[in-house]
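Here the sequence shown stands for residues -21 to -1, 1 to 60, where the numbers follow mature numbering (1 follows the signal peptide of the UniProt record, and there is no 0).
For glycine and all other residues, C-beta sits at the position ideal for the given N, C-alpha and C.
Below you'll find the structure, written out as structure tokens, and then a few comments.
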Amino acid sequence: MNLTRTWIALIALSAGSTALAASGLTGRAFALAVLALAWVKAELILRRYLHLARVPAIARGFSLGLAIFLMLAAGLALIPA
């Protein structure tokens, strides 16, 4: 995927986030959907813009750190109020 396609994908994902916010959805479902979109966007940025796809070991490390952070955030979103 070249940088132009990556940029278009990031714009589409951002539009998805905006549509999600405009939908009126709230609560846990909203938080998990936003986190899922953020995860995809972060992976695109890490692998395509920062070119970590060329260094698989480092890319896996960043992906693991990102996954742990987002799983913790999802866990917090699922805690009953």
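Report the rounded CA-to-CA distance for residue -20 versus residue 59, giving the unit in angstroms. The residue labelled residue -20 in the question sits at position 2 within the sequence shown. The residue labelled residue 59 in the question sits at position 80 within the sequence shown. Roughly 42 Å between the two C-alpha positions.
Buried or exposed: where does residue 57 fall if 16 or more other Cβ atoms within 10 Å of its Cβ makes it buried? For the purposes of this step, residue 57 is taken as residue 78 along the sequence shown, with counting starting at 1. The residue in question, residue 57, is exposed, as its Cβ has fewer than 16 Cβ neighbours within 10 Å.
What residue range does the alpha helix (DSSP H) around residue 15 cover? Along the sequence shown, read from residue 1 onward, the residue named residue 15 stands at position 36. Element bounds for residue 15: 6 to 23.
Helix or strand or just coil, what does DSSP make of residue 35? The sequence position of residue 35 within the sequence shown is 56, counting from 1. Looking at residue 35 - three-state DSSP - the assignment turns out to be helix.
How is residue 2 classed by DSSP in three states: helix, strand or coil? The sequence position of residue 2 within the sequence shown is 23, counting from 1. Residue 2: coil per DSSP, three-state reduction.
Beta-carbon proximity check, residue 18 vs residue 55, cutoff 8 Å: On the sequence shown, position 39 is the one that residue 18 refers to. On the sequence shown, position 76 is the one that residue 55 refers to. Not a contact, by the Cβ cut-off of 8 Å.
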